[in-house]
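This report refers to the structure that appears directly beneath it.
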Amino acid sequence: MLVDGQSFYASIEKAARPDLKDKPVAVADPSRRSGIILAACPVAKSRGVTTAERVGEALAKCSDLVVIRPRMQTYITVSLLLTEIFESFTDQVEPYSIDEQFLDVTGSISYFGAPEEIAHQIQTHVLLSTGVWTRCGIGPTKVLAKMATDNFAKKMPEGIFKLGFDNLESVLWPLPVHQMFMVASRMARHFTRMGLYTIGDIARLELSDFKKRMRKEMGKQSDIQAEYYWQTARGIDPSPVVASIRNKLKSVSHGKALRSSLYRKIEDIEVILLELVVEVCRRSRRLGYIGRVVSVGATETDGQHSILSFNRQVTLPQPTSLSHEVASAALGIFHKHWSGMPVNHLSVALTELTDDNVIQLTFFDDRIKAYSLERATDEIKDRYGSAAIMRASSLLQSGVARERAEQIGGHYK
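Residue numbers (the working numbering): 96 to 508.
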């Protein structure tokens, strides 16, 4: 099954504020009318407020809308609590997003009852523990559980729906093709031009016929896409629920979108580049990796449109996660490839990772001492926050490290 938290951020805020129970609530930065609505409660949605619209637009529709500043750390904590609750029913729990998680309850039926009964128990436990109402889509595969949640469970008062191979043709196939999992507006237009208006229009075709139509519409490279969408329409999904989905890391990276009006001079851009390097190296040390290849990506703009972009890399003499070594390489790459236009996006990555339990020594630098210093700095930041100690350049107007220290994923903690 796929369990989804209804209006997750907004539900958490309303649970913390009983006085807002019957009021329209949205989560966004109340100080910025141009900011984006991250979540809206059902009351707000009934008044026309939608996720991802501007705060000013939402207030124009709903003048008494209560806009609450996001608390990302709180939402992450509640999401982890939900995982613990799900793990009391099954050890097969796979987080899909902060508010959605897959569960395989096949082995739990003999203990907790039928899938629908398990779903009811989960809803009750989560609601009493967090104040969040959950919807559960049930199916024999992950893709059917997902479509059961999105297309049916979310629209039903009880918040539970079972979608299986027995009711697939009568329930799922009549739906418009844009309601199929992973079909966005662009792909829906392709299907419409192909004369495929419903999910069933795809499912009823032979795979070979569907591939021919896809090639005609999208080119010879579309065979893999065709097979994926054909299987999805039929509810076929071989992927299991995997309790641990982390594979060995291939890279550690960090990027930042910038206001191009502020980043026209090299000295301002260098401040951000150094902050990105510091974060990449700190994260690498925390994960126990050192990297041999440094990559820098940048997008340049004329103020309205992105004109140029580059992503270049350099191989270092030895793997590292020392900030000064990575910074030297990153700055060298940027200076070599920057054309001089304002920059609206920067990124730094460390690849070709190896474990940091073996470090190459050099004749001219005390790398052991340098690592000790960096790790001492990491410990201070871990204990007192990222803003507890930082480079002096981050105190310049062009620096963003202080602001980012108060955020998670670009939003307030």
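Positions of the beta carbon are idealized from the N, C-alpha and C atoms, including for glycine.
Legend entry - Boundaries of the alpha helix (DSSP H) in which Q326 is found, first to last residue: Position 231 of the sequence shown holds residue 326. Element bounds for Q326: D318 to A328.
Legend entry - Rounded separation between V514 and D304 - CA only: The question about residue 514 has no answer, for the chain in this structure spans 96 to 508.
Inset, instruction - Just confirm the distance between the C-beta atoms of A110 and G226, as a whole number of angstroms; I'd bet it's less than 8 Å. - result: Counted from its first residue, the sequence shown places residue 110 at position 15. Counted from its first residue, the sequence shown places residue 226 at position 131. 3 Å between Cβ atoms; contact.
Inset, instruction - Over the uninterrupted alpha helix (DSSP H) stretch that includes G151, give me the two end residues. - result: For the purposes of this step, residue 151 is taken as the residue at position 56 of the sequence shown. That run of the alpha helix (DSSP H) goes V150 to K156.
Inset, instruction - Taking N246 as the reference, give the member of V221, H273 and F207 with the closest Cα. - result: In the sequence shown, the residue the question calls residue 246 occupies position 151. Of V221, H273 and F207, the residue nearest in Cα terms is H273.
Legend entry - Status (buried if at least 16 other CB within 10 Å, exposed otherwise) for A424: As a first step, residue 424 must be located in the sequence shown, where it is residue number 329. Classification of A424: buried, given that the 10 Å Cβ count is 16 or more.
Legend entry - Buried or exposed (CB count within 10 angstroms, at least 16 for buried), A214: Position 119 of the sequence shown, counted from the first residue, corresponds to residue 214. By the 10 Å Cβ count, A214 comes out buried.
Inset, instruction - Taking P414 as the reference, give the member of V144, N439, V453 and G392 with the closest Cα. - result: Mapped onto the sequence shown, residue 414 falls at position 319. Nearest option by C-alpha distance: V453.
Inset, instruction - Tell whether a beta-carbon distance below 8 Å holds between V98 and Q216. - result: Taking the sequence shown and counting its residues from 1, one reaches residue 98 at position 3. Taking the sequence shown and counting its residues from 1, one reaches residue 216 at position 121. It is not a contact, given that the beta carbons lie outside the stated cut-off.
Legend entry - Proximal residues to S404 (C-beta, below 6 Å), its chain only, five neighbours per side dropped: For the purposes of this step, residue 404 is taken as residue 309 along the sequence shown, with counting starting at 1. Excluding positions up to five away in sequence, the list reads T394.
Inset, instruction - Return no unless some Cβ of chain C is closer than 8 Å to the Cβ of M289. - result: The structure shown contains no chain C, having only a single protein chain.
Inset, instruction - List the whole-angstrom C-beta distance separating F429 from V372, where the pair is believed to meet the contact cut-off of C-beta under 8 Å. - result: Counted from its first residue, the sequence shown places residue 429 at position 334. Counted from its first residue, the sequence shown places residue 372 at position 277. Contact flag wrong, Cβ pair sits at about 11 Å.
Inset, instruction - Figure out for me which residue from K464, H220 and N439 has the closest Cα to the Cα of E179. - result: As a first step, residue 179 is located in the sequence shown; it is residue number 84 there, counting from the start. For E179, the nearest C-alpha among the options comes from H220.
Legend entry - Straight-line Cα distance separating W325 from A298: Stepping through the sequence shown from its first residue, residue 298 is reached at position 203. Stepping through the sequence shown from its first residue, residue 325 is reached at position 230. Between A298 and W325, the C-alpha separation is close to 6 Å.
Legend entry - Limits of the unbroken beta strand (DSSP E) element including A338: Indexing the sequence shown from 1 puts residue 338 at position 243. Premise fails: A338 is in no beta strand (DSSP E) and is neither H nor E.
Inset, instruction - Indicate the three-state DSSP secondary structure (helix, strand or coil) for E189 in the structure shown. - result: Locating residue 189 in the sequence shown gives position 94, counting from the first residue. E189 falls in the strand class under three-state DSSP.
Inset, instruction - Decide if I475 is buried, meaning its Cβ has at least 16 other Cβ atoms within 10 Å, or exposed. - result: Taking the sequence shown and counting its residues from 1, the one referred to as residue 475 is at position 380. Burial call: exposed.
Inset, instruction - Taking 8 Å as the threshold, find out whether the segment 198-208 comes into contact with the segment 247-254 through three or more Cβ pairs. - result: no
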